[in-house]
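Asker:
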Amino acid sequence: MLNSLQFYRNGMPTVFVPIDEQTIYFDECMGRFDVQTQFYSPVVLDIRTDDYILYNGVRFTVNVMYPVVRSDVFHYTITLEHPSYWLKDVCFKHQQSIEFSYFGTPKMFLELIVENMNVDDTGWMVGACEDVDEKLVEFFASGTGFTCKGALQKIAEEFSLEYWFSGDGKTINITQQAGMETNIHFSYGRSKGLYSVERGMLETPLYNRIYGFGSSVNLAESYRNKADRLTLDNGCIERQLNDGERRRETSIIFEDIFPERTGTLTAISEDWLTLTDSTLDFDLNGNRIEGVQAKVVFKSGELSGQDFDISSYNSGTKTIRIKPNTEKNGFTVPSATFNPVVGDKYTLVGIEQPQSYIDDAEKRLYDAVLKSFKQLTRPPYKVEIDEKYMRENAFVLKSGDRVRLVDDKLGIDDMIRVTSVSFPLVNPNQCTVVISDKITYTQEVQFIIEKDKIKETVKQVDRTKTEQQRVQAMRMRQLQELVFDPDGYFDGTNIRPNSIETIMLAVGAKSQNFYTNGVRIEVNSGDNPNVVVVTAGQIVHRELKIEGLGYIWEIGGTTFDSLIDGKYYFLSAKCSATSLIGQWYLSESPMAADVEVGFIHFNLGVIYAVADSKRDYSFTNGMTYVNGDNITTGKIRAERIDVQELFSQEINAEKLIITGDSRIAGFKISGDSLEPILPAMEYAGKFRIRPMGFSWDSLFQEFVPGQPLPKLHYVSLETSEDDAILKFKRLNNPEIDKGILLDMVGGTAIEILSGRIVVDGSEGLTTKQAISTPNGTRYLNYKSGIMVGISDN
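Heads up: the sequence shown begins at 1 in UniProt numbering, then just goes up one per residue.
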C-alpha cells in the first residue's frame with residue numbers, strides 16, 4: 001500500500017507527492033502495463049520525461065509529456081510506463097539491417113531482441129522460453145522497419161505463444177501461456193470472494209456444441225470410415241444444456257493440422273535430387289495414398305514452402321528421390337541458385353502416416369478445437385474482488401493467471417484466465433479483474449499488429465519481386481550464352497546505319513543491374529543548385545552478391561554542398577566487397593565498378609551542369625533485355641501505350657487512363673462501373689462513380705430446396721438519387737433488417753443542424769403538448785416530430 005509517490009531522476013529522489021484512489025495500477029496480458037496517477041499541487045512541480053517511480057522493484061517511467069491544467073491549483077495527469085514500453089523505442093536490427101529473414105527458436109529471437117535492447121541500455125535478459133521447432137520469420141516493413149515491441153508481438157504470433165515480463169521488468173519470457181494456474185476460487189456472495197460480477201458481450205451466439213475438423217492431407221481411405229478430414233473421436237465437443245436452452249452448433253476447420261512428421265535432411269546428393277534422412281522411422285513404399293501424388297514439402301531453407309514430387313524411396317538407405325520443378329520460363333529448381341542443404345527441415349504429404357502420427361494430429365486437433373470452443377461459448381467477466389476476502393487470503397493476481405470462477409446463476413464453474421488486473425496503489429485489495437478465455441488486445445497493440453501485417457504484406461511482395469528479378473537476370477545472362485546465329489548472318493558488318501539486326505540485345509552493365517530502395521535524391525536542395533542531398537537507403541542488386549551475406553547493401557545518407565556550376569557529376573554507391581555497407585560517392589569522372597580494391601562502385605546516375613539556375617538528374621542504373629518479341633526492363637516511359645495484354649506485379653502511374661475491356665484484380669471495368677468477376681449467376685454487383693456521386697448495388701441468389709426459381713436478394717446504396725444525398729434500398733433480404741446502425745459510445749449518434757423530418761410522406765410536427773403533473777401543467781416540446789425537451793410554458 002502506498003500513500004505517496006517518490007519520483008527519481010538518475011537515481012536521486014526529486015519530487016514527492018501524496019496520492020489517493022486516482023492513482024491506478026494496470027496490468028493487461030500482452031497489453032497495457034502502467035500506473036496512471038492524478039493529483040493536485042499548489043505549485044508547479046519539476047517532473048520531467050524519463051523521471052520515474054519504483055513499485056515492487058520495477059521502474060515505471062514518464063515516457064511522454066503529460067497534461068497540466070491550471071486553475072487555482074495545478075492538476076497533473078501522468079502515465080508512468082513499465083520498462084516493456086521501452087521496446088517501442090528501439091529498432092529491431094540484425095547485422096545492422098532493419099529488414100531481414102531470421103530462422104530460429106523463440107529463444108534465439110528473444111536473444112536478438114535483448115541484444116538490441118542492451119546496445120544503449122543494460123539489464124535486459126531472456127527468461128523462460130517454450131522449446132518448439134525453429135521457424136523462418138520475415139521482418140520486412142516499409143518505412144521504419146519493426147520496433148523491438150512490434151517484433152516481439154510478431155514472434156509471439158508466429159509461434160502461437162505469449163510473452164510476459166518478470167524480475168525488474170527487463171526479463172522477457174515467451175511460453176504457451178503467461179501466468180500460472182492458482183488454487184484461488186471466486187464466487188459471488190459474502191465471504192466468497194466477489195463483490196460484483198459483470199458479464200460482458202460476445203460478438204457471436206453462445207454456442208454449446210462445436211464440430212472440429214483438420215486437413216485432408218495424409219489420410220488414407222481407411223481412416224475413420226472414409227472420413228475426408230481429420231476429425232475427433234466423437235466428432236464434436238459439447239457442453240450440457242441449461243434448463244430451457246436449445247442446442248446451438250458451430251464448426252471450425254484447421255487446415256494446418258494433419259498427420260505429419262517433420263524430418264531433417266542428413267545428406268544431399270550432388271544433383272540435389274536425392275535426399276537422405278537417417279532418422280526416418282517408417283517405410284514410404286506401400287504407404288502411398290491412392291490417387292494422391294506423394295511429395296516432399298520443405299519447411300526451412302532456400303526451398304522453404306516449395307513441394308517436390310517423390311519419384312522413388314530406398315528404405316535401406318532412407319533416401320528419397322525427388323523430381324525437379326520446371327517453371328514456364330525454363331527455370332529449374334533445385335539449382336545452383338536455390339537448393340537444399342543438410343539441416344533443412346521437411347515434411348511428407350500424400351503418404352499414409354503411422355498410427356502414432358495420426359494420434360498426435362488428433363490430439364493437436366482436439367486441443368485447438370477446445371481452445372476455440374471456450375472462446376466461442378464463454379463471454380468475458382469483469383469482477384470486483386471483495387477486499388476482505390483478498391486481504392484474508394493474502395494472494396496477488398497477475399495477468400495471465402488462471403482462477404476458478406463459480407456462479408450458478410450465470411452458469412459458470414471452470415478455470416478461466418485473468419486477462420487484466422487493476423487497483424489503486426493506496427489499496428491493492430480493491431482489485432478489479434477481467435476474466436476471459438480470450439485475450440483482447442488493446443487498441444494500441446492491435447494497431448501495431450495490423451500495421452506490421454500490412455507492412456509485411458507490402459514488403460513480402462517486394463521481396464518476392466526481388467527474388468524473381470534475380471532469377472530473371474540469371475536467365476537473361478544464360479540466354480546470352482545460348483543464342484546462336486541460325487543463318488550465319490549476324491556479324492559486325494551487319495550493324496547497318498539504318499537498322500540493327502541481332503538475336504538478342506542487352507543494354508546496360510552487369511554492375512549496374514540494381515535498384516534502390518528508400519533512396520531519395522534531392523538536387524537543388526534549398527534552392528541551391530550546388531547542393532545535392534542523397535538520403536540513406538539500400539542498393540538491391542539483381543546479379544551480384546557477397547556469398548553468405550546477401551545482395552542488399554545499406555547506404556548512409558550524405559549531403560554534397562560544394563558543386564561547381566559548369567561541371568557534370570557522376571553519382572555512385574561505393575560499397576564494400578566484403579560486407580553489406582557503403583556510402584554515396586560523387587566524382588567529376590565516371591567510376592569503373594572495380595576501380596578501388598576492396599570496393600565496388602555501383603553507378604547510379606549523372607547530375608547535369610547548371611542551366612537556368614538549376615540542375616537536372618538522370619538515372620543510369622538497371623538493365624534492358626530484348627530477345628524475340630520480349631522486352632525485360634525496369635521502367636518504361638511513354639506518353640501513350642497501346643497494349644493487348646499487360647502483365648505486371650506493380651504499376652505506378654500518374655494521370656493513368658484505362659479504357660477498353662480491362663480488369664483490375666478481381667474486378668472488370670464495364671462502362672462507368674467496376675464489377676466483381678465471379679461465377680455466372682452466383683453474384684452480381686456494381687460500383688459506379690458518376691459526376692454527381694457514386695452508387696453500389698449487390699444482387700445474389702438463394703436456391704431454396706423445392707422451389708424451381710432462386711430467391712433474389714438486393715441491397716443498394718446511392719448518392720444524388722431521388723432528390724436525396726444518400727439513399728439506401730433493400731429488397732427481399734431479411735438478413736439485413738436495419739437501415740442504419742450507429743454505435744457512438746460517449747458521442748452524439750445523430751445531430752441535425754437544420755431540416756425537416758418526413759416519415760412515409762408525413763412531416764413531423766413542431767408543437768407543444770400539454771401534460772398534467774402533480775406540480776401543475778408542463779409541456780412536451782416537439783421539433784419536426786422529435787421530443788426535444790420539457791418546459792413549464
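All C-beta atoms, glycine included, are put in the ideal place defined by N, C-alpha and C.
Given the structure is predicted, the values throughout are model-derived calculations rather than measurements.
Which runs of the alpha helix (DSSP H), 4 residues or longer, sit entirely within the stretch 49–100?
Answerer: For the stretch 49–100, not a single whole alpha helix (DSSP H) run of length 4 or above is found.
Asker: Out of curiosity, what's the CA-to-CA distance linking residue 93 and residue 113?
Answerer: Rounded to whole angstroms, residue 93 to residue 113 spans 8 Å at the Cα level.
Asker: With DSSP run on the structure shown, which of helix, strand or coil describes residue 456?
Answerer: Note on residue 456: pLDDT 38, under 50, position unreliable in the model; no value is reported.
Asker: Tell me where the beta strand (DSSP E) around residue 136 begins and ends.
Answerer: Taken as a continuous stretch (DSSP letters only), the beta strand (DSSP E) holding residue 136 covers 135–139.
Asker: Among the residues of its own chain, which have a CB less than 7 Å from the CB of residue 457, if the five just before and after it don't count?
Answerer: Because the pLDDT at residue 457 is just 34, under 50, the model does not fix this residue reliably, and the value given afterwards should be weighed accordingly. Cβ neighbours of residue 457 beyond the five flanking positions: none.
Asker: Using a Cβ distance threshold of 8 Å, determine whether the stretch 260–275 contacts the stretch 75–92, with at least three qualifying pairs required.
Answerer: The stretch 260–275 vs the stretch 75–92: no contact.
Asker: Whole angstroms is fine: what's the gap from residue 536's alpha carbon to residue 555's?
Answerer: Roughly 5 Å separates the two Cα atoms.
Asker: How about residue 51 and residue 14: do their beta carbons lie closer than 8 Å?
Answerer: Yes, the pair counts as a contact, with Cβ atoms nearer than the cut-off.
Asker: Please classify residue 338: does DSSP put it in a helix, a strand, or coil?
Answerer: Looking at residue 338 - three-state DSSP - the assignment turns out to be coil, as it is neither helix nor strand.
Asker: Identify which residue in 767, 790 and 181 has its Cα closest to the Cα of residue 778.
Answerer: The option with the nearest alpha carbon to residue 778 is 790.
Asker: What is the rounded straight-line gap between the Cα of residue 402 and the Cα of residue 181?
Answerer: About 5 Å.
Asker: Give a yes or no on whether the minimum CB-CB distance between residue 762 and chain C is below 8 Å.
Answerer: Looking at the structure shown, chain C is missing, and only one protein chain is on hand.
Asker: Counting C-beta neighbours from all protein chains within 10 Å, is the total for residue 316 16 or more, i.e. buried, or is it exposed?
Answerer: Exposed.
Asker: Which of the three DSSP states is assigned to residue 405 in this structure?
Answerer: If DSSP states are grouped into helix, strand and coil, residue 405 belongs with the strands.
Asker: Have a look at 514, 414, 725 and 351 and flag the residue whose alpha-carbon is nearest the alpha-carbon of residue 291.
Answerer: Comparing Cα-Cα distances from residue 291 to each of 514, 414, 725 and 351, the minimum goes to 351.
Asker: Between residue 360 and residue 354, what straight-line distance do the alpha-carbon atoms span, to the nearest angstrom?
Answerer: One C-alpha to the other measures close to 10 Å.
Asker: If you count every other CB in all the chains shown that lies within 10 Å of the CB of residue 585, and 16 or more means buried, which is it?
Answerer: Looking at its Cβ environment, which holds 16 or more other Cβ atoms inside 10 Å, residue 585 is buried.
Asker: Who are the near neighbours of residue 29 in its chain, counting only those whose CB is closer than 6 Å to its CB and skipping five residues on each side?
Answerer: Taken in chain order, the residues that qualify are 178, 399, 400, 419 and 439.
Asker: DSSP three-state call for residue 42: helix, strand or coil?
Answerer: Residue state, collapsed to three classes: coil.
Asker: Can you tell me which of 60, 3 and 618 puts its alpha carbon nearest to the alpha carbon of residue 33?
Answerer: The shortest Cα separation from residue 33 among 60, 3 and 618 belongs to 60.
Asker: So what does residue 145 bridge to, in DSSP terms?
Answerer: The partner list for residue 145 (beta bridge, DSSP) is empty, contrary to what the question assumes.
Asker: My output table needs one value for residue 430: the three-state DSSP class, helix, strand or coil.
Answerer: It is coil, neither helix nor strand.
Asker: Looking at the unbroken alpha helix (DSSP H) that takes in residue 109, where does it start and where does it end?
Answerer: 106–117 is the span of the alpha helix (DSSP H), which, as asked, contains residue 109.
Asker: Looking at the unbroken alpha helix (DSSP H) that takes in residue 388, where does it start and where does it end?
Answerer: 387–393 is the extent of the alpha helix (DSSP H) around residue 388.
Asker: Considering just the uninterrupted stretch of the beta strand (DSSP E) at residue 766, what are its terminal residues?
Answerer: Per DSSP, residue 766 belongs to no beta strand (DSSP E) and is neither H nor E.
Asker: Run through DSSP, which three-state label would residue 241 get?
Answerer: Coil at residue 241, not helix or strand.
Asker: If we ignore side chains and look at the alpha-carbon of each, how far apart do residue 512 and residue 693 end up?
Answerer: Cα to Cα, the separation comes out at about 48 Å.
Asker: Going by the CB atoms, is the gap between residue 218 and residue 349 shorter than 8 Å?
Answerer: Contact flag set, yes.
Asker: Between residue 243 and residue 253, what straight-line distance do the alpha-carbon atoms span, to the nearest angstrom?
Answerer: Each residue's Cα considered, the two are about 30 Å apart.
Asker: If distances are taken between C-alpha atoms only, which option among 595, 559 and 522 comes closest to residue 575?
Answerer: Nearest option by C-alpha distance: 595.
Asker: Find out if the Cβ-Cβ distance for the pair residue 40, residue 63 is shorter than 8 Å.
Answerer: No, these two residues do not count as a Cβ contact at 8 Å.
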